[in-house]
Structures are given as structure tokens and as C-alpha cells.
Amino acid sequence: MKIEATTIPISDVIFGQIQEDIVKGILEPGSKINELDLSKKYGSGRGPLREAIRRLEERRLVVRIPYAGVKVTELSFKELDNIYEVREHLEGLATKQATLNMSDAEILELGELLKKHQEEIENHNSKEYYQEEGEFDFHFSIVVKCSNAVLIDLYTKEIYHRIRMYRYKISKARGRAEEAFEEHNAIYQAIVNRDAEIAEILMRRHIRKAKSKINEEQTRKLYDISR
Numbered sequence: 010m011k012i013e014a015t016t017i018p019i020s021d022v023i024f025g026q027i028q029e030d031i032v033k034g035i036l037e038p039g040s041k042i043n044e045l046d047l048s049k050k051y052g053s054g055r056g057p058l059r060e061a062i063r064r065l066e067e068r069r070l071v072v073r074i075p076y077a078g079v080k081v082t083e084l085s086f087k088e089l090d091n092i093y094e095v096r097e098h099l100e101g102l103a104t105k106q107a108t109l110n111m112s113d114a115e116i117l118e119l120g121e122l123l124k125k126h127q128e129e130i131e132n133h134n135s136k137e138y139y140q141e142e143g144e145f146d147f148h149f150s151i152v153v154k155c156s157n158a159v160l161i162d163l164y165t166k167e168i169y170h171r172i173r174m175y176r177y178k179i180s181k182a183r184g185r186a187e188e189a190f191e192e193h194n195a196i197y198q199a200i201v202n203r204d205a206e207i208a209e210i211l212m213r214r215h216i217r218k219a220k221s222k223i224n225e226e227q228t229r230k231l232y233d234i235s236r
């Protein structure tokens, strides 16, 4: 896939494409990042590619292993369990604080985002949940509105990008799109009502359910491999 002429820096384009391939599982956890192959694929020099890889390392989507090169981050059961435990606490607290601190205008914006998610689910016949990152992500949008700089920094730098690949996988599970939307909508209604305690409880319950879905998927994969 040669990169078309654009005003966007080539390293940004390559970074975005590789990140998307990692999140969607095209580049699977543990797979090696081959600079030569990717350089040919994108028709770019090694410089922009290495800059893209450096940024992926910052997001912890790839890891550089001595004498083995760069590989897509692969989390063990224990690591994933630990991350989701921390995620539950962080997002629960962020949701509670955001409920108290968001302006009425920001809450309306969150509602508009949910409407967009609902439209996308309907357009895809409920096959998967909307999975754009950053400000288009329901979870991310709540966290960055919590007015707690330490929490935001920890979440965005240590957790958010590493869990996106696993969130994408479970978003495609049968019935999960509608289920996740209903859970998001319940959280949103608690935020609208400025009920911080209920909003926190619902967010933590939502993340525990997602964690359970991921564990089921990981267990199924291990079973398939052992057969």
C-alpha cells in the first residue's frame, strides 16, 4: 500500500496505519515488526518508519527486545488482569469526578457522541461497537473531563492504548455492541443526573463485564490451540 502524496508527515500516516493494524489484530500480539517489509509496503524511507515505531513504543503498542527486534505488545493473562483491575479503579474514579466537574455543555457533547455511536452500530447491523480513539471514544471522553491531571496522565500514557486491541476484539462478539451501548447510556444518564456514586458504580460494573468477556476469549483461544 503506497502512501499517496499528502501534507500530513509520512511518519504520521505510517504511525496511524500500523496502530490501526495492531488494534484490529491484523498485526497480532507478539508478531515481529519488520522494518524492511513495512518500508516496502508503505513505499517510505526507513527514517519516517523508525519515527512511527518510536511513537508506537511510547504508546506501549510495541516493545523493543534486545537481539530480537521490535514486536507487537503481548500481554499475559496476569498482565491483562492487572491492567483491567487498575482500569476499573481509574475509570470509576474518573467517572465520579467527571460527573461532578463537567459543564452542562460538555455533558451534552457526550450525549451527542453516544448518538453517533448508536448510528454507527445501526449502520453496521450491530456487528461491532464504534471503536475510534481519543475524543470519539466514550471512555476517553469521560476521563479527560475529570479535572484530575494525574489520573488523566496515568490513564492516557499507561493504560488506554494497550487495552484498545482487546476492546476491539470483544466489540465484535455477538450481541456485545448493543449491550455495551446500553451500559454506556446508563452511565450517561447517571452523569446527566449528576449522580456521581451511581455513575462510578455503573462504570466499574461495565469494565468488569468487559474484562470477563476478554478472559472468555483468551481462554477459548488457549483451548483451540491445545486441541
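Everything in the sequence shown is counted per our numbering, starting at 10 for the first residue and increasing by one.
The beta-carbon is built from N, C-alpha and C at its ideal position, and this holds for glycine as well.
All values reported here derive from a predicted model rather than from experimental measurement.
- Around the Cβ of residue 20, a 10 Å sphere holds 16 or more other Cβ atoms; the residue is buried.
- Annotated as distal: residue 94 and residue 213, with beta-carbon spacing of 7 Å or more.
- The Cβ-Cβ distance between residue 124 and residue 80 does not fall below 7 Å.
- Proximity to residue 171 across 151, 69 and 102 peaks at 69, based on C-alpha coordinates.
- Counting along the chain, the unbroken alpha helix (DSSP H) around residue 50 starts and ends at 44-51.
- The straight-line gap separating the alpha-carbon atoms of residue 102 and residue 208 is approximately 9 Å.
- Nearest to residue 39 by alpha-carbon distance, out of 78, 67 and 82, is 82.
- In this structure, the alpha-carbon of residue 71 lies about 37 Å from that of residue 112.
- In chain order, 151, 196, 208, 209 and 212 place their CB closer than 7 Å to the CB of residue 104, counting only its own chain and leaving out the 5 sequence neighbours on each side.
- Across the set 166, 107, 118 and 119, the C-alpha of 107 shows the shortest separation from the C-alpha of residue 154.
- Around the beta carbon of residue 223, 16 or more other beta carbons lie within 10 angstroms, which makes this residue buried.
- In chain order, 150 place their CB closer than 7 Å to the CB of residue 144, counting only its own chain and leaving out the 5 sequence neighbours on each side.
- Burial state of residue 76 is exposed, judged by a 10 Å Cβ sphere holding fewer than 16 other Cβ atoms.
- The shortest CA-to-CA distance from residue 202 to any of 191, 190, 25 and 117 is the one to 117.
- Spanning the alpha carbons of residue 74 and residue 115 requires a straight line of approximately 42 Å.
- Taking a C-beta distance under 7 Å as the contact criterion, residue 174 and residue 31 qualify as a contact pair.
- DSSP places residue 153 outside both helix and strand once states are collapsed to three, so it counts as coil.
- A straight line joining the alpha-carbon of residue 17 with that of residue 53 spans about 14 Å.
- The three-state secondary structure of residue 73, taken from DSSP, is strand.
- Unbroken alpha helix (DSSP H) stretches of 4 residues or longer found wholly inside the region 77-122: 86-110, given in chain order.
- A distance of 7 Å or more separates the beta carbons of residue 205 and residue 65.
- No Cβ-Cβ contact shorter than 7 Å links residue 99 with residue 177.
- Rounded to the nearest angstrom, the Cβ distance from residue 215 to residue 187 is 14 Å, too far for a contact under 8 Å.
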